[in-house]
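**Q** Chains as they are written, first to last, in UniProt numbering: chain A, 1 to 119; chain B, 1 to 369.
Beta carbons: idealized from backbone N, C-alpha and C, even for Gly.
A quick note: this is a predicted structure, and the numbers were derived from the prediction, not measured.
Sharing a structure, written as structure tokens. Questions coming.
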């Protein structure tokens, strides 16, 4: 089941890791994505740390680590095809993170709460 | 805070799904559902319709009006023939640039189009000419720009006479009993037209143009990427009150006749510095840059001559992704005289990325000369 952050990220549990991407709403707001800078695998990050840069035609935006943990994988295909984020935001995952606290994901929004947030 | 102004086309923008943003005191469409990238490519392939009604339109009348205006603009306006338009700069007392503008000779008067952000200040500046017997008449009209390779064919279906115009011609036409002021110009690097239309008929004209399937409405986002690819300077970016014409590589807009030794040399604000810099060669210049890789470098990014250490030698004035180029592009203010193969680095988020000096424009304009 997907969870959502207030920063318009989606989170999907995959074993003891979280797969993270941005929502279709966020990709629409950003406009055409032309460049994505991903974090290094193995990097230890704090919750709220800016770890991905997304450049659209219009502007640069950051996305943050939803929880503290270690980056275990990044979607390198996005570096070559950043437009995939606009084409299918749910399929275009950015990184996988192993949370340092397994319960950290509990506090995030479910689909209904996120839909209410974006109105 | 005061409400933003709305152009006559505001409801049309909303009806077509535009995302509106505040810009220079106006609510303007930044993009339509097609998105900035596709709007850009559509304009280069077919025709884009831009609402530029936020820009200022002014008529000047009076004796020797062109010569009078030369006291504010270092251009050859006395030599501007009826039916022709020219690009010019309002210079500041310190030799910087107050604004850039288009000036058309309409026979018995001059017609000016100035930037939205500076329209009020430009008007106040122009009122200095009232002491010379010139009347300064701001115009409350809408302004549309139709740009792209199919622009001429599209507009000629409504107004056949436009087909005979060449780049920078400025003529009046009748459309359904309405007086249109049309110039063959624009700010996208494409063939195209700017069309001044009375407010009451602006929506009808826009709808008539949009009825042609070659035409899509285009927002400010693509307007900016189009002009950047065309290597065109934008006020507040490549030029401002601190940047002189020579520093911005806009010396081409100042003809010989207004330079030292010319028949009507000087006589405009800041002339001493502006002309001395043009004569001696500027110390700074505007360059095109292509970053390696895909990361855009945007306004404010500093440029270095070394991969590590040292101090910045300049900064990006406009930068982003060039949809037609298919890569990031930027214009930067750097020391004059750099060899085209000078290695440079842009500092982006703490890292230095190699950038290459590239001739401007990034995309070659297709004007009808």
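At 3 residues or longer, what runs of the beta strand (DSSP E) sit wholly inside the segment 290 to 320 of chain B?
**A** 302 to 304
**Q** Can you list, in chain order, the stretches of the alpha helix (DSSP H) that have 4 or more residues and sit fully within the segment 13 to 93 of chain B?
**A** 36 to 45 and 65 to 69
**Q** Step through the CB atoms of chain A and report whether any lies within less than 8 Å of the CB of residue 350/B.
**A** Closer than 8 Å: no.
**Q** Report yes or no: is there a C-beta of chain B within less than 8 Å of the C-beta of residue 108/A?
**A** no
**Q** Using the beta-carbon of each residue, which ones in chain A are nearer than 9 Å to residue 323/B?
**A** 32, 34 and 57
**Q** Along the segment 41 to 53 of chain A, what residues have a CB closer than 8 Å to any CB found in chain B?
**A** 53
**Q** Between which two residues does the beta strand (DSSP E) containing residue 203/B stretch?
**A** That residue, residue 203/B, is in no beta strand (DSSP E); its alpha helix (DSSP H) goes 199 to 210.
**Q** Does the Cβ of residue 261/B lie closer than 7 Å to at least one heavy atom of the ligand FMN?
**A** This structure simply doesn't include the ligand FMN, nor any ligand for that matter.
**Q** Please report the straight-line C-alpha distance between residue 118/A and residue 30/B, rounded to a whole angstrom.
**A** 21 Å
**Q** Any contact between the segment 219 to 230 of chain B and the segment 13 to 30 of chain B? By contact I mean 3 or more CB pairs, one from each, below 8 Å.
**A** yes
**Q** Which residues of the segment 70 to 82 of chain B have a Cβ closer than 7 Å to any Cβ of chain A? Give them in chain order.
**A** none
**Q** Let me see if you follow: with CB-CB separation under 8 Å, is residue 37/B close to chain A or not?
**A** yes
**Q** Report the three-state DSSP secondary structure of residue 257/B (helix, strand or coil).
**A** helix
**Q** Pull the bridge partners of residue 7/A from the DSSP assignment, please.
**A** BP columns for residue 7/A are empty, so no partner.
**Q** How is the alpha helix (DSSP H) around residue 115/B delimited, first residue to last?
**A** Looking at the DSSP string, residue 115/B is not in any alpha helix (DSSP H), and its letter there is neither H nor E.
**Q** Among 279/B, 182/B, 109/B and 248/B, whose alpha-carbon lies nearest the alpha-carbon of residue 262/B?
**A** 279/B
**Q** Can you give me the Cβ contacts of residue 157/B inside the same chain, cut-off strictly under 8 Å, excluding the 5 residues immediately before and after it?
**A** 212
**Q** Taking DSSP as the reference, what is the three-state secondary structure of residue 80/A?
**A** helix
**Q** When DSSP builds the beta bridges, which residues end up paired with residue 345/B?
**A** Its beta-bridge partners are 304/B and 354/B.
**Q** Which residues of chain A have a Cβ atom closer than 7 Å to the Cβ of residue 31/B, listed in chain order?
**A** 31
**Q** Please list the terminal residues of the continuous beta strand (DSSP E) segment that includes residue 180/B.
**A** Taken as a continuous stretch (DSSP letters only), the beta strand (DSSP E) holding residue 180/B covers 178 to 183.
**Q** So what does DSSP say about residue 340/B, is it helix, strand or coil?
**A** Annotated three-state conformation of residue 340/B is coil, per DSSP.
**Q** Is the beta carbon of residue 94/B less than 8 Å from the beta carbon of residue 270/B?
**A** yes
**Q** Report the residue from 255/B, 285/B, 257/B and 118/B whose alpha carbon sits nearest the alpha carbon of residue 244/B.
**A** 285/B
**Q** Compute the distance between the beta-carbons of residue 196/B and residue 110/B, then report whether it is under 8 Å.
**A** No; because the gap between Cβ atoms is not below 8 Å, this pair is not in contact.
**Q** Comparing the C-beta of residue 221/B with each C-beta of chain A, is any distance below 8 Å?
**A** Closer than 8 Å: yes.
**Q** Quick one: what's got a C-beta closer than 8 Å to residue 11/A's C-beta in the same chain, skipping five residues either side?
**A** 2, 3, 4, 5, 18, 19, 20, 66, 105 and 108
**Q** Does the beta-carbon distance from residue 148/B to residue 294/B come in below 8 Å?
**A** no
**Q** For residue 55/A, count neighbouring C-beta atoms within 10 Å of its own C-beta (all shown protein chains included) and say buried if the count is 16 or more, exposed if not.
**A** buried
**Q** Closer than 7 Å by beta-carbon distance: list the chain B residues that pair up with residue 60/A, in chain order.
**A** 298
**Q** With DSSP collapsed to three states, give me the class of residue 158/B.
**A** helix
**Q** Quick check on residue 57/B: buried or exposed, where buried means 16 or more other Cβ atoms within 10 Å of its Cβ?
**A** With 16 or more other Cβ atoms within 10 Å, it is buried.
**Q** DSSP state of residue 228/B, grouped into three classes?
**A** helix
**Q** For a contact meaning CB atoms closer than 7 Å, what does residue 177/B contact in chain A?
**A** Near residue 177/B there are no residues of chain A at all, since even the closest Cβ is about 41 Å away, more than 7 Å.
**Q** Considering just the uninterrupted stretch of the alpha helix (DSSP H) at residue 118/A, what are its terminal residues?
**A** 111 to 118
**Q** Starting from residue 57/A and walking both ways along the alpha helix (DSSP H), at which residues does that stretch end?
**A** Looking at the DSSP string, residue 57/A is not in any alpha helix (DSSP H), and its letter there is neither H nor E.
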